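Working notes, beginning with the structure itself.
2 protein chains.
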Amino acid sequence: MSRMIDTATAAAMLTAEEDILLLTHQYPDGDTIGSAFALCRALRAMGKRARVECTDEIPEKYDYMLSELPTEDFEPRFIVAVDVADRKLLGGLEERYADRIDLCIDHHGSNTEYADYLLLRADYAAAAMVVCEVLREMNIPFDQAIAECIYTGISTDTGCFKYSNADAYTHRMAADMMEYGVRYDMINRTMFDVKSRARVELERRALAGMRFFADGKIAVMPITCAMITESGAAENDMEGLAPLPRQIEGVWVGVTLREKPNGEFKISVRTGNHADASAICKELGGGGHVRAAGCSLTGSLDNAVDTMVQTITRVVDSI
Amino acid sequence: MSRMIDTATAAAMLTAEEDILLLTHQYPDGDTIGSAFALCRALRAMGKRARVECTDEIPEKYDYMLSELPTEDFEPRFIVAVDVADRKLLGGLEERYADRIDLCIDHHGSNTEYADYLLLRADYAAAAMVVCEVLREMNIPFDQAIAECIYTGISTDTGCFKYSNADAYTHRMAADMMEYGVRYDMINRTMFDVKSRARVELERRALAGMRFFADGKIAVMPITCAMITESGAAENDMEGLAPLPRQIEGVWVGVTLREKPNGEFKISVRTGNHADASAICKELGGGGHVRAAGCSLTGSLDNAVDTMVQTITRVVDSI
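Top to bottom, those sequences are chains H and F.
Quick note on this note's numbering: the first sequence kicks off at 1 and runs consecutively.
Quick note on this note's numbering: the second sequence kicks off at 1001 and runs consecutively.
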């Protein structure tokens, strides 16, 4: 169990400590990277040694947050994890660091309290918003680089202000950051407008294989190993495919079946107001949230599709 | 020429006038509809008669802005056009009303000054933002319905806060509106997340026909009459296709060729930092902006593609 602390206490800790290591989660996204580099830049501006570590290579598209920030080599005396809900999410860094994390700054209600101290704001859209409040409490002078890190965390975790977590406070904090000259046009184009060739190839194969059932209320999109191989898609080319079937007009339940090399199907279910994704997946040994849930199936693709359609028509009223 | 007026003068006019007709532009979007219905609701709340007219039917997805607002029949004594840059954009309503428009509230720098009075804020992301300032000046009590109209105008005209026009003031005004209980999650899902079946069918055909040139720096996406017929796509299913080729990683110039029933190709060119779309299209008798331009070509699809690729490689340095 962590000791829960407030913003002022976290700020005081960071002000007092030296040689600070900042850890992100694996498969890093804009929020964990933005949170870590905003803190790193702020701590260095205070004259402290600080660096960011991530078990995975940071994707090139985030380069603008890392620029002119040479890495520093030192033995960490204070370790902070940002946007990391569970020690397992440290990936390859878990073994080395997980038992000695002093502070975790997070916004996941599901945080497993693996750190000594935890600053948690589960009502915030992004960990970067919690970091922003800590930096304000520390009286750090904000600059464009720090503001771009915070803005990136907010923008990426809200789907560019599209998701329900983008409330008025979120917009106002983003606006405050923009006053420091944030290149939001470049950032949002980079985050939301660029698709790899492999992703486009995969998307067109996946769309071509989409099948509709129940008068168009169920859409099933298989993503087979063959499609992945043919398109040359890597893991990060597959982000954000799961919502596609449900975005089609008239679809109540959108299903994505991703074939794994071992023949298993990893299944994502997305629903609108008319159906409970979690209830559907629970029937098949999975689980999740009302709007987004998952489960696994083995067997042939056709069987997996049949099972999903049968389960959905049984669980969802009047579909 | 219009007489240019400020927000306070526009507010005073609207406060003084009765029986007010509000006009939107043709092919109405979230901003013209949001602006018109925000004004209509506010004027009615003041006890005035007011109604909105549009030459086209308002698409169903905007229904939430129109609800519980029965239309009123009266002979207009004051006519206001909102978000209408040119009288031609009134479409079928031009003949009846264009010569007697008292006030235009707009944010297009290209406004042709067809109204007697013009309140223009060319630096604003949305006409709805100008309307919002007018309503504030009129001391209208904002409610959820009015706030949803303003929010919709802002969100749709900024691509959900993604475009360069979404500055700090834009975010702050959106945040102010959200305090009135705006259902922003529903609104943004409806505006940005729903695709028609026909659109998905068309998109997958268009993606399958995409061709790459110049080592992947040029992407050309033909949309043929056959694709449109096969997918069952209507005009509004084709919105927003033009940016797709340029969104692919490594693409400097994205070209969309849309075949018209008369055999002509309507061509959209989109570029990033490396190329000038307007310079390319000018070579072929077209024109536009640096990042987005257009032109027309006749002949076979293959010839049109060849002409585009040749022109691009000639005009764009080191492609």
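Each residue gets a CB set at the ideal place from its N, CA and C atoms; glycine is no exception.
Values in this document were obtained by computation on a predicted structure and should not be read as measured data.
DSSP on residue i, reduced to helix/strand/coil?
i, result
"isoleucine 1239/F", "Isoleucine is not the amino acid found at residue 1239/F; the sequence shown has glutamate there. Residue state, collapsed to three classes: coil."
"glutamate 1053/F", "strand"
"leucine 69/H", "coil"
"glycine 1209/F", "coil"
"arginine 183/H", "coil"
"threonine 1112/F", "coil"
"leucine 284/H", "coil"
"alanine 1122/F", "coil"
"glycine 294/H", "strand"
"tyrosine 64/H", "helix"
"cysteine 1104/F", "strand"
"phenylalanine 37/H", "helix"
"methionine 173/H", "helix"
"isoleucine 319/H", "coil"
"lysine 48/H", "coil"
"lysine 88/H", "helix"
"arginine 1003/F", "strand"
"alanine 1168/F", "helix"
"isoleucine 1312/F", "helix"
"alanine 1219/F", "strand"
"phenylalanine 78/H", "strand"
"tyrosine 1058/F", "Looking at the sequence provided, one finds isoleucine at residue 1058/F rather than tyrosine. Residue state, collapsed to three classes: coil."
"glycine 117/H", "Here the sequence assigns tyrosine to residue 117/H, which means glycine is not the residue at that position. Note: tyrosine 117/H maps to strand in three-state DSSP."
My assumption, with CB atoms under 8 Å, is that residue i sits in contact with residue j. Please give the rounded CB distance.
i, j, result
"glycine 263/H", "threonine 229/H", "Not a contact, Cβ separation roughly 15 Å."
"threonine 156/H", "methionine 191/H", "6 Å"
"aspartate 31/H", "alanine 127/H", "5 Å"
"alanine 1233/F", "alanine 1198/F", "4 Å"
"glutamate 18/H", "lysine 61/H", "That pair is no contact at about 32 Å."
"leucine 202/H", "methionine 227/H", "6 Å"
"alanine 98/H", "alanine 125/H", "Rounded, the Cβ-Cβ distance is 26 Å, inconsistent with contact."
"isoleucine 1058/F", "isoleucine 1079/F", "With 8 Å as the limit, isoleucine 1058/F and isoleucine 1079/F do not qualify as a contact, their Cβ atoms being about 19 Å apart."
Using the Cα positions of residue i and residue j, report the straight-line distance between them to the nearest angstrom.
i, j, result
"leucine 1284/F", "cysteine 54/H", "50 Å"
"leucine 103/H", "glutamate 148/H", "23 Å"
"tyrosine 1027/F", "serine 1196/F", "18 Å"
"alanine 242/H", "tyrosine 1184/F", "22 Å"
"aspartate 176/H", "arginine 1121/F", "22 Å"
"valine 305/H", "aspartate 215/H", "16 Å"
"glycine 34/H", "arginine 1189/F", "26 Å"
"methionine 1186/F", "glutamine 1144/F", "14 Å"
"leucine 1277/F", "glutamine 1247/F", "Before going on, a small fix: residue 1277/F reads as alanine here, not leucine. Going from the Cα of alanine 1277/F to the Cα of glutamine 1247/F covers about 15 Å."
"isoleucine 1105/F", "arginine 41/H", "45 Å"
"lysine 1282/F", "cysteine 1295/F", "8 Å"
"valine 194/H", "aspartate 237/H", "11 Å"
"lysine 1260/F", "serine 1268/F", "13 Å"
"isoleucine 154/H", "glutamate 239/H", "18 Å"
"aspartate 123/H", "glycine 159/H", "16 Å"
"alanine 206/H", "phenylalanine 212/H", "13 Å"
"threonine 313/H", "tryptophan 252/H", "11 Å"
"methionine 173/H", "alanine 1050/F", "37 Å"
"methionine 308/H", "valine 315/H", "10 Å"
"methionine 1178/F", "glutamate 133/H", "22 Å"
"threonine 947/F", "threonine 1224/F", "Because residue 947/F is not part of the residues shown, which for chain F are 1001 to 1319, the question remains open."
"proline 245/H", "isoleucine 218/H", "8 Å"
"tyrosine 1180/F", "isoleucine 1150/F", "11 Å"
"leucine 43/H", "valine 200/H", "40 Å"
Report yes or no: is there a C-beta of chain A within less than 7 Å of the C-beta of residue i?
i, result
"serine 1164/F", "The structure shown contains no chain A; its protein chains are H and F."
What are the residues of the stretch 1172 to 1186 of chain F that lie near chain H, defined by any Cβ-Cβ distance shorter than 8 Å? Sequence-ordered contacts of the stretch 1172 to 1186 of chain F with chain H read Arg1172, Ala1174, Ala1175, Asp1176, Met1178, Glu1179, Tyr1184 and Asp1185 [C-beta pairs closer than 8 Å].
Taking any Cβ of chain F, which residues in the stretch 231 to 256 of chain H have a Cβ under 8 Å from it, in chain order? Residues Pro243, Gln247, Ile248, Glu249 and Gly250.
Near-chain F residues of the stretch 133 to 158 of chain H - C-beta to any C-beta below 7 Å: The residues in question: there are none.
Residues from the stretch 29 to 63 of chain H in contact with chain F, defined by Cβ distance under 7 Å: The residues in question: there are none.
If we require 3 or more residues per run, which beta strand (DSSP E) segments fall completely within the stretch 1237 to 1278 of chain F? Counting whole runs of 3 or more residues, the stretch 1237 to 1278 of chain F contains the beta strand (DSSP E) stretches 1253 to 1259 and 1265 to 1271.
Going along the chain, which unbroken runs of the alpha helix (DSSP H) with 4 or more residues stay wholly within the stretch 1134 to 1165 of chain F? DSSP runs (the alpha helix (DSSP H)) wholly in the stretch 1134 to 1165 of chain F: 1144 to 1157.
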